[in-house]
Amino acid sequence: QIVFQDLTSGTASVSCLLRVHAGGAYQTTTYVSATNYGSGSTSASLATTASIPCSVAGSTGTTVPMTASIRVSRPSSTAAAKIWNGTGVSFNCTNVCTATFGGYFNSTAAIDGFQVLMSSGTFSGKVKIYGRL
Numbered sequence: 038q039i040v041f042q043d044l045t046s047g048t049a050s051v052s053c054l055l056r057v058h059a060g061g062a063y064q065t066t067t068y069v070s071a072t073n074y075g076s077g078s079t080s081a082s083l084a085t086t087a088s089i090p091c092s093v094a095g096s097t098g099t100t101v102p103m104t105a106s107i108r109v110s111r112p113s114s115t116a117a118a119k120i121w122n123g124t125g126v127s128f129n130c131t132n133v134c135t136a137t138f139g140g141y142f143n144s145t146a147a148i149d150g151f152q153v154l155m156s157s158g159t160f161s162g163k164v165k166i167y168g169r170l
């Protein structure tokens with residue numbers, strides 16, 4: 038499980054992204070994921086293939102933090118795709134943005150690391166990793 042606590046961005050209105058390290062490099066393709074989110078009375082969804090989302094698209098800002106939690110199943114397996122699911126909250130929307138994230142890294146390669154980044158710029162906050170061998 039990966040927990041994001043009080044992440045803020047150095048750039049306004051960006052997205053939090055997660056990419057896996059497998060086969061000697063950070064992967065920028067082979068993801069199948071979707072985000073379903075709501076803000077006030079509005080809801081929407083989006084899909085991505087270049088990363089795993091960890092926030093609502095464009096909702097992470099410079100002054101108001103976002104928080105999220107994502108779980109991955111069998112990251113070291115070489116027999117199946119790696120399934121991800123999570124939830125998050127951001128306050129950099131018209132109201133409060135709440136989201137669910139889901140999908141998979143469509144490869145049997147074992148994951149030996151990951152990278153957290155914003156769609157633009159840098160971020161501050163805490164990223165905590167929990168797991169067991």
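In short: position in the sequence shown from 1, add 37, done, that's my numbering. Ideal Cβ placement from N, Cα and C applies to all residues, glycine included. Just so you know, these numbers come straight off a predicted model, no measurement behind them.
Neighbour-count burial assignment, residue i, 16 or more Cβ in a 10 Å radius
i    : result
S52  : buried
S88  : buried
S127 : buried
A84  : exposed
A117 : exposed
For residue i, the nearest candidate out of the options (CA to CA)
i    : options                   : result
T115 : G140, D149 and S92        : D149
A46  : I166, V153 and Y167       : Per the sequence presented here, residue 46 reads as Ser, with Ala not at that position. Nearest option by C-alpha distance: V153.
S70  : A105, F41, C134 and S82   : S82
S106 : A117, I120 and C91        : C91
V93  : G139, I166 and T159       : G139
S76  : C134, Y141 and T66        : C134
N73  : T66, G61 and N122         : N122
Y141 : G61, G168, A62 and T66    : T66
G61  : T104, N143, A117 and F151 : F151
Element boundaries [beta strand (DSSP E), containing residue i]
i    : result
V126 : K119 to S127
Q42  : I39 to S46
Y68  : Y68 to S76
T79  : T79 to T85
G139 : C134 to F142
G150 : G150 to M155
Other residues of its chain near residue i: CB distance less than 6 Å, five sequence neighbours each side excluded
i    : result
D43  : P102 and G162
A147 : S113 and T115
Y167 : Q38
N143 : T67, V69 and A118
A59  : A146 and I148
Residues near residue i in its chain [Cβ-Cβ closer than 7 Å; skip 5 each side]
i    : result
S156 : V51, S52 and L54
S110 : K119 and I120
F160 : L44, T45, S46 and G47
Test item: CB-CB of residue i and residue j under 8 Å
i    : j    : result
A124 : T145 : One point to set straight first is that residue 124 is Thr, not Ala, in the sequence displayed. No, the Cβ-Cβ distance between T124 and T145 is not below 8 Å.
V57  : K165 : no
T86  : Y68  : yes
Q38  : R108 : yes
Same chain only: Cβ atoms within 8 Å of residue i, ignoring 5 sequence neighbours per side
i    : result
G158 : S46, G47, T48 and V51
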